[in-house]
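Numbering (my numbering), first residue to last: 92 to 325.
Using N, Cα and C, we set each Cβ at its ideal position, and we do this for glycine too.
Remarks on the structure that follows.
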Amino acid sequence: MAPQFEPPRADPIRVGDVEARLVALRARIAAAGRNPDEVTIMAVTKAFGPDAADAALALGLETLGENYVQEMVAKVPLVRVPTGVRPEWHFIGRLQRNKVRHLVGLVDVIETLDRASLAREIARRMPAQRVFVQVNISGEAQKGGCAVADTTALVEEARGLGLRVEGLMGVAAAGDLDRARNQFRTLRELADDLALEQRSMGMTADLEAALAEGSTIIRVGSALFGPRPPRNPG
Ligand SMILES: *Cc1c(COP(=O)(O)O)cnc(C)c1O
């Protein structure tokens, strides 16, 4: 596949700005009653250039998230990884089966496993791949994720295929934070039932609600890098 990745229209990322936002983010986590050192902050770099990932790594944020296969394929090789650092790349976007092969060797965790056909393709191309099952906790048709009621069967199917299911991932409905918290609670209860350690939930707008429900990984873009530039086509 020819990488299609134009330089983003964003202003260059300044490490000092990201550092100041990270201080504020850690204060938000602490104010939500959680120890910032015990919550993984995933730096979501979608729509930003490799300089966003450079800044995150320079500041010790080693878990990075991307949403689009082509963007990720083009960007990852351009990231400047400090000596001794091993970034952990998570894929957090909708994943088509025919794109899975492009992620081989590039991704550490696929967080958006949401159907059996995708599990089979991942297992075929990437044996023993680390995955999270994405659950559609908001019930919105436009969101990815398996239905809440299908979660156990999908986790078992993925395990049967040899995939390493490490956690669940969910995106709450935008807007009402009490409603978001209820949706995060659903994810936590499912993860508890399935004895899955990782709960990837919460983003810039709703991370307090997610942290209150035991999130182990928050996925944060704009609170670290500022407003996202418009996405390039492709
Ligand atoms: C973009 C994105 C995020 C980060 O969103 P922010 O609001 O910028 O923090 C988190 N999770 C998913 C699945 C995303 O697509």
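The closest CA to that of residue 294, considering only 288, 266 and 321, is found on 266.
Looking at the DSSP output, residue 225 bridges to 260. When only Cα atoms are considered, residue 102 and residue 253 end up about 43 Å apart. Rounded to whole angstroms, the gap between the alpha carbons of residue 276 and residue 300 is 9 Å.
Fewer than three Cβ pairs drawn from the region 160-175 and the region 119-133 lie within less than 8 Å of each other, which leaves the two stretches out of contact.
For residue 291, DSSP records a beta bridge to 260 and 308. Within the same chain, 182 and 222 come within 6 Å of residue 201 by CB-CB distance, once the 5 residues on both sides are set aside. Within 10 angstroms of the beta-carbon of residue 168 lie fewer than 16 other beta-carbons, which makes it exposed.
According to DSSP, residue pairing for residue 248 in a beta bridge does not occur. If you draw a 10 Å sphere on the C-beta of residue 195, you find fewer than 16 other C-beta atoms in it, and that means exposed. Contact between residue 287 and residue 245 is ruled out by a C-beta separation of about 12 Å, above the 8 Å threshold. When only Cα atoms are considered, residue 234 and residue 205 end up about 11 Å apart. Remark: the shortest separation between the CB of residue 295 and any heavy atom of ligand 1 falls under 7 Å. Residue 156 has 135 and 181 as its beta-bridge partners, per DSSP. Comparing alpha carbon positions, the residue from 248, 271, 176 and 154 closest to residue 214 is 248. Rounded to the nearest whole angstrom, the CA to CA distance from residue 199 to residue 296 is 26 Å.
Here residue 304 is actually not in contact with residue 270; their C-beta atoms are around 12 Å apart, not less than 8 Å. Annotation for residue 176: 148 and 153 place their beta carbon closer than 7 Å to its own, counting only its chain and skipping 5 residues before and after. Exclusion of residue 151 from the 7 Å shell around ligand 1 follows from its C-beta lying no nearer than that to any non-hydrogen atom of the ligand.
In the three-state reduction of the DSSP assignment, residue 120 falls in the helix class. If you ignore the 5 residues before and after residue 219, its C-beta comes within less than 8 Å of the C-beta of 253, 254 and 255, all in its own chain and listed in chain order.
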